[in-house]
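Novice: Residue numbers (our numbering): 499 to 674. Cβ atoms here follow ideal geometry from the backbone N, Cα and C, with glycine treated the same way.
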Amino acid sequence: LATDILLSFPPVETITEIELIATPSEETTDPVTIEVTTNAEEVLEMKWLPGEKEIVDFANDAGTIINENKFEVTENGIYTVYVLDNKEVATVKSIKIENIKEKEKPPVENPAPTPTTPEPKPEPTKPEPKPSTPVKSNLLPNTASPVYNYLAIGSSLVLAGFFVMTVQNRRRKEEV
Numbered sequence: 499l500a501t502d503i504l505l506s507f508p509p510v511e512t513i514t515e516i517e518l519i520a521t522p523s524e525e526t527t528d529p530v531t532i533e534v535t536t537n538a539e540e541v542l543e544m545k546w547l548p549g550e551k552e553i554v555d556f557a558n559d560a561g562t563i564i565n566e567n568k569f570e571v572t573e574n575g576i577y578t579v580y581v582l583d584n585k586e587v588a589t590v591k592s593i594k595i596e597n598i599k600e601k602e603k604p605p606v607e608n609p610a611p612t613p614t615t616p617e618p619k620p621e622p623t624k625p626e627p628k629p630s631t632p633v634k635s636n637l638l639p640n641t642a643s644p645v646y647n648y649l650a651i652g653s654s655l656v657l658a659g660f661f662v663m664t665v666q667n668r669r670r671k672e673e674v
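1. Specify, as a first and last residue, the run of the beta strand (DSSP E) that F569 falls within.
2. With a cut-off of 8 Å on the beta carbons, I'd call Y580 and I595 a contact; round off their distance for me.
3. Going by Cα to Cα distance, which pick from G575, L547, I519 and T623 is closest to I563?
4. With 16 other CB atoms within 10 Å as the buried threshold, where does I651 fall?
5. Taking only three categories from DSSP, how would you classify V530?
6. Quickly, what does DSSP pair A588 with across the bridge? List them, please.
7. Are N574 and I598 closer than 9 Å when you measure CB to CB?
8. When you compare only the Cα positions, how much space is there between E533 and I516?
9. Does V590 pass the burial test, meaning 16 or more other C-beta atoms within 10 Å, or should it be called exposed?
10. Helix, strand or coil, according to DSSP, for T521 in the structure here?
11. Cα-Cα, which of P644, L582 and K568 is closest to A552?
12. Please report how far the alpha carbon of E539 lies from the alpha carbon of E566, in whole angstroms.
13. When you compare the CB positions of E570 and P529, do they come within less than 9 Å of one another, or not?
14. Here's a check: name, in chain order, each residue in its chain whose Cβ is nearer than 8 Å to the Cβ of E550, leaving out the five neighbours to either side.
15. For T557 and L542, what's the separation of their Cα atoms in angstroms?
16. What does the alpha-carbon distance come out to for the pair T664 and E673?
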């Protein structure tokens with residue numbers, strides 16, 4: 499009877515797990531390959547992005563598609579992998595890569611000096627002596643603005659208009 503009850507429940511869905519393996523694991527100057535394995539029955543989408551990311555960061559086609567369950571990186575840092583399975587369940591997992599060394603540059607040999615004409619040295623200029631006390635000037639700074647001129651002209655025109663209008667009104671009244 500107890501086994502009948504257990505069999506009547508639907509099977510518990512397993513959470514999609516991601517495992518990331520970086521090779522080589524020792525220090526290298528070559529790119530590091532990150533291999534992705536998952537327990538998903540069928541993978542609909544698998545992508546990666548540099549940095550520690552969340553599921554929402556992979557929206558709108560963000561990320562680089564992973565082919566053959568592996569990708570290469572050439573710089574140290576954190577990389578995040580996104581997996582979408584056939585049940586529409588998305589999962590992310592990050593891995594930190596710290597074993598990539600910069601390639602040592604070969605020492606540059608000094609080429610044989612080529613004969614060149616020496617550039618003429620510029621003559622040193624003597625700095626102008628600075629006055630010990632500030633020079634006083636009767637000039638005002640140039641901060642004037644034409645706004646007040648326009649205001650005066652406009653006010654004059656308005657007053658002239660009122661004057662002409664009152665003169666015309668008086669003439670009309672006298673004619674009547």
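Specialist: Let's see:
1. K568 to V571
2. Actually they are not in contact, since the Cβ atoms of Y580 and I595 sit about 17 Å apart, beyond 8 Å.
3. L547
4. It counts as exposed.
5. strand
6. L582
7. yes
8. 10 Å
9. buried
10. DSSP, read as helix, strand or coil, puts T521 in strand.
11. Just to set this straight, residue 552 is Glu in the shown sequence, not Ala. When each option's Cα is compared against that of E552, the closest is L582.
12. 16 Å
13. In this structure, P529 lies closer than 9 Å to E570 by Cβ.
14. Cβ within range, chain order: I576, T578 and S592.
15. Looking at the sequence itself, residue 557 is Ala, so the reference to Thr does not match. The alpha-carbon atoms of A557 and L542 are separated by roughly 14 Å.
16. 14 Å
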